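Undergrad: My questions all concern the structure below.
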Amino acid sequence: MTTTDDTHDTTGGTDDRQRRTNDGRPASDGNERTNDDGGALTRRGVLKAGATLGAGGVVAGLADQVSATTPTDPSNLDLYLLFGQSNMEGQGTIGAQDRETNERIHLLADLDCPTLEREYGEWYLAEPPLNRCSQGLGPGTSFAKTMIEETPDDRGVGLVPAAVSGADIALFQKGAPIGRNDRNIPSQFDGGYQWLLDLAEQAQEVGTIKGILFHQGETNTGQQEWTSEVQGIVENLRSDLGIGTVPFLAGEMLYDSEGGCCASHNSEVNELPDVIENAHVVSAEGLAGQDYAHFTTEAYRELGRRYANEMLDHVDLGGGSGDDGSGDGGGDGSGDGGSGDDGSGDGGGGGTQQPYNGTPHAVPGRIQAEEYDQGGSGVAYSDNTAENEGASRIQAEEYDQGGSGVAYSDNTAENEGASFRTGEAVDISSNSAGSGYSIGYIESGEWVEYTVDVEQSGEYTVDALVASNAGGGSFHVEVNGTDVSGAVNVPGTGGWDTWETVSTSGVSLEAGQQVIRVSMDESWWDLNYLDFSLEGSGGDGSGSDGGDGSDGSDGSDGSGDGSSGDGGGDGESGDGSGPSADLVAEIDPDTTSASVGERVAFRVTDTTGSGNWIDSLSWTLGNGETGSGWYVDTTYDSAGSYTVELDATNNEGTTTTDEVTVQIS
Numbered sequence: 001m002t003t004t005d006d007t008h009d010t011t012g013g014t015d016d017r018q019r020r021t022n023d024g025r026p027a028s029d030g031n032e033r034t035n036d037d038g039g040a041l042t043r044r045g046v047l048k049a050g051a052t053l054g055a056g057g058v059v060a061g062l063a064d065q066v067s068a069t070t071p072t073d074p075s076n077l078d079l080y081l082l083f084g085q086s087n088m089e090g091q092g093t094i095g096a097q098d099r100e101t102n103e104r105i106h107l108l109a110d111l112d113c114p115t116l117e118r119e120y121g122e123w124y125l126a127e128p129p130l131n132r133c134s135q136g137l138g139p140g141t142s143f144a145k146t147m148i149e150e151t152p153d154d155r156g157v158g159l160v161p162a163a164v165s166g167a168d169i170a171l172f173q174k175g176a177p178i179g180r181n182d183r184n185i186p187s188q189f190d191g192g193y194q195w196l197l198d199l200a201e202q203a204q205e206v207g208t209i210k211g212i213l214f215h216q217g218e219t220n221t222g223q224q225e226w227t228s229e230v231q232g233i234v235e236n237l238r239s240d241l242g243i244g245t246v247p248f249l250a251g252e253m254l255y256d257s258e259g260g261c262c263a264s265h266n267s268e269v270n271e272l273p274d275v276i277e278n279a280h281v282v283s284a285e286g287l288a289g290q291d292y293a294h295f296t297t298e299a300y301r302e303l304g305r306r307y308a309n310e311m312l313d314h315v316d317l318g319g320g321s322g323d324d325g326s327g328d329g330g331g332d333g334s335g336d337g338g339s340g341d342d343g344s345g346d347g348g349g350g351g352t353q354q355p356y357n358g359t360p361h362a363v364p365g366r367i368q369a370e371e372y373d374q375g376g377s378g379v380a381y382s383d384n385t386a387e388n389e390g391a392s393r394i395q396a397e398e399y400d401q402g403g404s405g406v407a408y409s410d411n412t413a414e415n416e417g418a419s420f421r422t423g424e425a426v427d428i429s430s431n432s433a434g435s436g437y438s439i440g441y442i443e444s445g446e447w448v449e450y451t452v453d454v455e456q457s458g459e460y461t462v463d464a465l466v467a468s469n470a471g472g473g474s475f476h477v478e479v480n481g482t483d484v485s486g487a488v489n490v491p492g493t494g495g496w497d498t499w500e501t502v503s504t505s506g507v508s509l510e511a512g513q514q515v516i517r518v519s520m521d522e523s524w525w526d527l528n529y530l531d532f533s534l535e536g537s538g539g540d541g542s543g544s545d546g547g548d549g550s551d552g553s554d555g556s557d558g559s560g561d562g563s564s565g566d567g568g569g570d571g572e573s574g575d576g577s578g579p580s581a582d583l584v585a586e587i588d589p590d591t592t593s594a595s596v597g598e599r600v601a602f603r604v605t606d607t608t609g610s611g612n613w614i615d616s617l618s619w620t621l622g623n624g625e626t627g628s629g630w631y632v633d634t635t636y637d638s639a640g641s642y643t644v645e646l647d648a649t650n651n652e653g654t655t656t657t658d659e660v661t662v663q664i665s
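So in UniProt numbering the end of the sequence shown lands on 665, straight run, no missing numbers.
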């Protein structure tokens, strides 16, 4: 086997991390809402008024029935965040069936509510109103009652609401101006993001965040930037809370057919899965409305069930309190509590091993290191510390779920980087390369496992992006207990954020689903990702232009040679097939033929080679509009031919331009 390395200093800076030493209310009849003069409210009036309309009726109805809310002292909860505006807050009439409580369903109070005898940040048995003090029925109640039926008996459901009627999306942007209706959040917080984050962090003391429910957009109807703004909020929440890519569910607006004011915004809602990982849309089709913007009581109940059914498709409720496995305990994998993030948590392993987020990594492809399997210590990994010390590509951190001793083994009981999957012991740190995470604080004897689906039997080249401020280290790759790579040496790179690609060839893999183990043979280096490419595949790039009868050059993204050129005269192109070998990224349009006024979307296909990644993306859309990022869309106001350009720059500073032509008629 042969090994090579290729240096990439991504920052030119230093890292000051300290290493361990080597030793150790609403209208109750469903009719159209009216203003104080008895006239019908406008769309804007409905959105602004939100929960204030009819709220007095709800409070009056509660006065004789609810003199106090039952406080609780829960533990081992599956937590769900609920945020947005009035439809998440709740505008339906609360009925007797909605008031029926379940001792395993708990609510974290989002405000001080004297009328309900609730105090901010305290837990209570979940009984509507869930959001705020005087709202009606929303989707959260039936969501929780549906989820509890599928939740193991040793765990409960915890609801963490933070919704404000009439709220602009700006209310929840991190560091942005407070935005609409800031008066409706606790005064100690400078914006809705801080409020939601504080509630979520308090909730994490007694459970694990399993998912996020979101319903907002009526106030921002027609604003194309809304999609990217929601993306930013979700990414910030996931990062600040250390919850990985837990499912994010976004609900649709009331449909046109039901008299909805804002159904056009559903096009933006349905774009969220394109820009947010593990995001999914909850349909509002067929749900009735009580006014221009809000659902009826029964529609809220059905909407909550739809949220739950969608969540159940994407969340793993097996085992203990881990996000996708069992809790901190060892033994049989059921755990004894705790808040393990992705498997059997910090204890020794009895979790069930499964791929990270339920889907095997594709080979050929790239695997992020932090996306190792789920299942917990001794199952999906083995780490020498008890905690996380660092708090397609196989990114190193994307090891399987299953837990310690099943999907990984780590010599420390903690995650020393504490940057991702914080409830597990694999030491994940944040950095400037790849996905932004890497497995760090590596010690000899540790391992992580990744469930993969190998497309074709053959010999593969494995490229690993690594860094070491010390003398380097080494690792090898195993399949079914057999070393298939030999020792791969990691050099000292001069810094924890100075990355090099080390390679080994001749790694033999059989086609089909299997588990790959990366075993750490020497200590003190970081692993960012693994890149598997089939040897002799000819690359997927085209041959370059032939010179005076010369062959086309090698295609990219493969170990073998690109197809030969025709050997024609000067400037004749080679015959290599596939996308251009030289492009950093390519445009993937949803169509190249559309009508005037029809929205056309453009996405990005990453065509960078091994050891490289995309740093920036900018668009020129041919109609005077520009954009940036992995997704853009636009409309064209007149018939004609429009050229769309994508400028992509990789980590080495190389910029290429791809073009597509769109015909508008």
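Heads up, the beta-carbon is just placed ideally off N, CA and C, and yes, glycines get one too. The model shown is predicted, which means the values in this text are computed figures rather than measured ones.
My assumption, with CB atoms under 8 angstroms, is that Thr607 sits in contact with Leu583. Please give the rounded CB distance.
TA: At roughly 5 angstroms, the Cβ-Cβ gap stays under 8 angstroms, so Thr607 and Leu583 are in contact.
Undergrad: Just curious, the alpha helix (DSSP H) that Phe143 is in, first and last residue?
TA: Start and end: Gly140 to Ile148.
Undergrad: Quick check on this structure: which residue in His476, Gly440 and Lys145 has the alpha carbon closest to the alpha carbon of Trp525?
TA: Nearest C-alpha to Trp525: Gly440.
Undergrad: On the three-state DSSP scale, how would you describe Ile439?
TA: Strand.
Undergrad: Determine contact between the region 210-230 and the region 265-276, defined as no fewer than three beta-carbon pairs at a distance below 8 angstroms.
TA: Enough Cβ pairs lie closer than 8 angstroms, so yes.
Undergrad: Below 8 angstroms on the Cβ atoms is my guess for Ser519 versus Glu455; work out the distance and round it to an integer in Å.
TA: Not really, about 24 angstroms apart at Cβ, beyond 8 angstroms.
Undergrad: Would a check of beta-carbon distances place Glu218 closer than 7 angstroms to chain B?
TA: Any reference to chain B falls outside this structure, which holds one protein chain only.
Undergrad: Should Val466 be labelled buried (16 or more other beta-carbon atoms within 10 Å of its own) or exposed?
TA: Result: buried.
Undergrad: In angstroms, rounded to a whole number, what distance separates the CA positions of Thr461 and Asn489?
TA: Roughly 15 angstroms separates the two Cα atoms.
Undergrad: Judging by CA-CA distance, which residue of Val632, Leu111, Ser75 and Thr141 is the nearest neighbour of Ala308?
TA: Residue Thr141 is the option with its Cα nearest to Ala308.
Undergrad: Can you confirm whether the region 289-300 touches the region 208-217 when touching is taken to mean that 3 or more C-beta pairs between the two stretches lie within less than 8 angstroms?
TA: They do not touch, by the three-pair rule.
Undergrad: Could you check how far apart the C-beta atoms of Val315 and Pro247 are, in whole angstroms? I think they sit under 8 angstroms.
TA: Indeed, because the Cβ distance is near 6 angstroms, the residues count as touching under 8 angstroms.
Undergrad: Give me, in chain order, the residues of the same chain whose beta-carbon lies closer than 7 angstroms to that of Ser641; leave out the 5 immediate sequence neighbours on both sides.
TA: Thr661 and Gln663, listed in sequence order.
Undergrad: Taking the Cβ atom as the reference point for each residue, do Asn236 and Lys145 lie within a distance shorter than 7 angstroms?
TA: No, these two residues do not count as a Cβ contact at 7 angstroms.
Undergrad: Relative to the C-alpha of Ala487, which candidate in Asp497, Gly471 and Val507 has its C-alpha closest?
TA: Of the listed residues, the one whose Cα sits closest to Ala487 is Val507.
Undergrad: Rounded to the nearest angstrom, what separates Met98 and Glu127 at their Cα positions?
TA: According to the sequence as given, residue 98 is Asp; it is not Met. In a straight line, the C-alpha of Asp98 is about 7 angstroms away from that of Glu127.
Undergrad: Taking the alpha carbon of Asp168 as the reference point, which residue from Val157, Met147, Gly158 and Gly191 has its own alpha carbon closest?
TA: Here the closest residue by C-alpha is Gly191.
Undergrad: Less than 7 angstroms separating the beta-carbons of Ala369 and Leu125?
TA: No, these two residues do not count as a Cβ contact at 7 angstroms.
Undergrad: Just to check my reading of the structure: Phe214 and Gly90 have Cβ atoms closer than 8 angstroms, yes? What is that Cβ distance to the nearest angstrom?
TA: Actually they do not touch by this definition, with Cβ atoms about 15 angstroms apart.
Undergrad: Check Arg104 in the structure and name its three-state DSSP category.
TA: Coil, per DSSP.
Undergrad: Between the C-alpha atoms of Pro152 and Pro360, what's the straight-line distance to the nearest angstrom?
TA: Distance between the alpha carbons of Pro152 and Pro360: 25 angstroms.
Undergrad: Is Gly304 near Phe143, with beta carbons less than 7 angstroms apart?
TA: Contact flag set, yes.
Undergrad: Quick check on residue 670: does DSSP put it in helix, strand or coil?
TA: Here the chain has residues from 1 to 665 only, and residue 670 is not among them.
Undergrad: Could you give the distance in angstroms between the alpha-carbon of Ile233 and the alpha-carbon of Phe172?
TA: The alpha-carbon atoms of Ile233 and Phe172 are separated by roughly 7 angstroms.
Undergrad: Pick helix, strand or coil for Thr42, following the three-state DSSP scheme.
TA: Residue confidence for Thr42 is low, a pLDDT of 40 falling below 50, so the modelled location carries little weight and cannot support an answer.
Undergrad: When you compare each of Glu586, Ile442, Asn102 and Ala511 to Gly471 by their alpha carbons, which one comes out closest?
TA: Taking only the C-alpha atoms, the option nearest Gly471 is Ile442.
Undergrad: Taking the alpha-carbon of Gln202 as reference, which of Ala279, Leu130, Gly624 and Leu107 has the nearest alpha-carbon?
TA: Nearest C-alpha to Gln202: Leu107.
Undergrad: Output the boundary residues of the alpha helix (DSSP H) element that contains Met88.
TA: First-last of the alpha helix (DSSP H) with Met88: Ser86 to Glu89.
Undergrad: Under the rule that 16 or more other beta-carbon atoms within 10 Å means buried, what is Gln231, buried or exposed?
TA: The residue in question, Gln231, is buried, as its Cβ has 16 or more Cβ neighbours within 10 Å.
Undergrad: Using three-state DSSP, classify Leu499 as helix, strand or coil.
TA: It is Trp, not Leu, that sits at residue 499 in the sequence shown. In the structure shown, Trp499 sits in a strand (DSSP, three-state: E or B).
Undergrad: Please identify the residue among Asp463, Phe475 and Leu287 whose C-alpha is closest to the C-alpha of Gly365.
TA: Minimum Cα distance to Gly365 is reached at Asp463.
Undergrad: Can you say whether Asn480 is buried or exposed, counting buried as having 16 or more other CB atoms within 10 angstroms of its CB?
TA: Exposed, since its Cβ has fewer than 16 Cβ neighbours within 10 Å.
Undergrad: Can you tell me the Cα-Cα spacing of Asp240 and Ala200, whole angstroms?
TA: Distance between the alpha carbons of Asp240 and Ala200: 10 angstroms.
Undergrad: Considering only DSSP beta bridges, list what residue 676 is partnered with.
TA: A query on residue 676 cannot be resolved here, the shown segment of the chain reaching from 1 to 665 and no further.
Undergrad: Can you tell me whether Thr451 is buried or exposed? The criterion is at least 16 other CB atoms within 10 Å of its CB, across all chains shown.
TA: Burial call: buried.
Undergrad: Are Ala601 and Asp633 touching if we call contact CB-CB under 7 angstroms?
TA: Contact flag set, yes.
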